[in-house]
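To convert, count from 1 in the sequence shown and add 753; that's my numbering. Only one structure is covered here, and it is reproduced in the block below.
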Amino acid sequence: MAAFAATFSLPVMAQEVTREQVDIPGPSLVGNLEGNATTRDIIVFLPPSYNQEPGRRYPVVYALHGYSSNNDAFEKDLARTNAIESAFGSGTPEMIVVMPDAQSVNNGSMYGASVTTGDWESYIADDVVGYVDAHYRTIAVRQSRGLVGHSMGGYGALRIGMKRPDVFTSLYAMSPCCLTPAQMPAPELVAKLEALEKPEDSLDLGFMERATLATGAAWSPNPNNPPFYMDLPSGEQAADVMARWQANAPVAMADQYMFELRGYEGIAIDVGDKDWLMPSAQAMHKVLTDNAIEHQYQVYDGDHVNRVAEQFRDAVMPFFGKHLDFE
């Protein structure tokens, strides 16, 4: 097991934070059919007082990266504004921030649970949380755990949050993807994917082709359909596959989880006014509003990626500073 730690000296208004990158086991991923690694790294940011106050315990925020990304890339995105450190320097109460790696063979796990990809819901909520609670001075109760993510990670925060209110107490979805029922992909795209003979043939495909494979692996797995172990929406099975995909949209899932959503201390969704995902974020906002689920909804001046660091510093960190228990 590898662990790396460093302390950074940061600009005025920022506070010194210790960064550790640690390989951890992922029993929830064992046996996945597409060969995703089961030992994966997490990045842990320890607040300025962590090493100075050995008797103190801290709440934890788990931050999920987006599709075609990983935790290292998410960290680099936030480093543009020293988001975590600057938030502490501006008065946000100190907490631990953890970034898991959820990149898969098809460039993103969708934070779902399937025989093909592995059980990423349990990996985040049980394996990662369990490891962090066992190895760091956390306040190990749901009232002191938050879950945030960007894009695919925002989807993951809502999906896992709906299913695991026993673990988390506050949720924040940044520019979340995949909130509304999926549309049928172009027939020529599906035909191109079905013509692939082995997984290695998919590595040079474009974004939409690989994202479609990630969707199928997560939402329409089929252990009897090698080599990709998924069903795609074509031929006689097209309607059935699309129904399975659409059932995984949080807008469609929400009716089943209203009781769980009402139990959250805080829920927030944000999206840029130039983000192509704004209509689906608005749809999720409407579902929550129509069902009297208290939440924050923010539309800001920006697109899908250009304000992530600022939002994490100015909105996400203060949100958890308000909604998590610190003792």
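Positions of the beta carbon are idealized from the N, C-alpha and C atoms, including for glycine.
{"Query": "Would you mind stating whether Ser973 and Tyr876 have Cβ atoms separated by less than 7 Å?", "Result": "no"}
{"Query": "In the DSSP assignment, the alpha helix (DSSP H) including Met995 goes from what residue to what residue?", "Result": "Ala991 to Gln999"}
{"Query": "What is the C-beta distance between Thr834 and Ala1036, in whole angstroms, given that I count them as a contact (C-beta under 8 Å)?", "Result": "Thr834 to Ala1036, Cβ: 29 Å. No contact."}
{"Query": "Between Val1069 and the rest of its own chain, which residues show a CB-CB distance below 6 Å, the 5 nearest in sequence each way excluded?", "Result": "Val901 and Tyr925"}
{"Query": "Could you check whether Ala971 and Thr870 sit closer than 7 Å to each other, using their CB atoms as the reference points?", "Result": "yes"}
{"Query": "With a cut-off of 8 Å on the beta carbons, I'd call Ala910 and Leu817 a contact; round off their distance for me.", "Result": "6 Å"}
{"Query": "Between Asn785, Gly784 and Tyr803, which lies nearest to Glu773 when the distance is taken from Cα to Cα?", "Result": "Tyr803"}
{"Query": "Give me the residue from Glu950, Met961, Ala996 and Asp957 with the minimum Cα distance to Glu941.", "Result": "Met961"}
{"Query": "Pick out whichever of Val1024, Leu799, Gln1064 and Met1011 has its Cα sitting closest to the Cα of Asp747.", "Result": "Because the chain is modelled from 754 through 1080, residue 747 falls outside the range shown and cannot be assessed."}
{"Query": "If you count every other CB in all the chains shown that lies within 10 Å of the CB of Ala992, and 16 or more means buried, which is it?", "Result": "exposed"}
{"Query": "What separation, rounded to the nearest whole angstrom, lies between the Cα atoms of Gly788 and Ser843?", "Result": "43 Å"}
{"Query": "Taking Ser1033 as the reference, which of Met927, Gly1019 and Lys1075 has the closest Cα?", "Result": "Met927"}
{"Query": "Between Val765 and Tyr811, what straight-line distance do the alpha-carbon atoms span, to the nearest angstrom?", "Result": "Unreliable placement is indicated for Val765, whose pLDDT of 38 sits below 50; no coordinate value is reported for it."}
{"Query": "How many angstroms separate the CA atom of Ala887 from the CA atom of Glu1047?", "Result": "33 Å"}
{"Query": "Mind listing, in chain order, the continuous alpha helix (DSSP H) runs of no fewer than 4 residues lying wholly within the segment 1019-1050?", "Result": "1031-1043"}
{"Query": "Mark Pro778 as exposed unless 16 or more other C-beta atoms lie within 10 angstroms of its C-beta, in which case mark it buried.", "Result": "exposed"}
{"Query": "What whole-angstrom Cβ distance do Ile913 and Glu874 have, given they're in contact under 8 Å?", "Result": "5 Å"}
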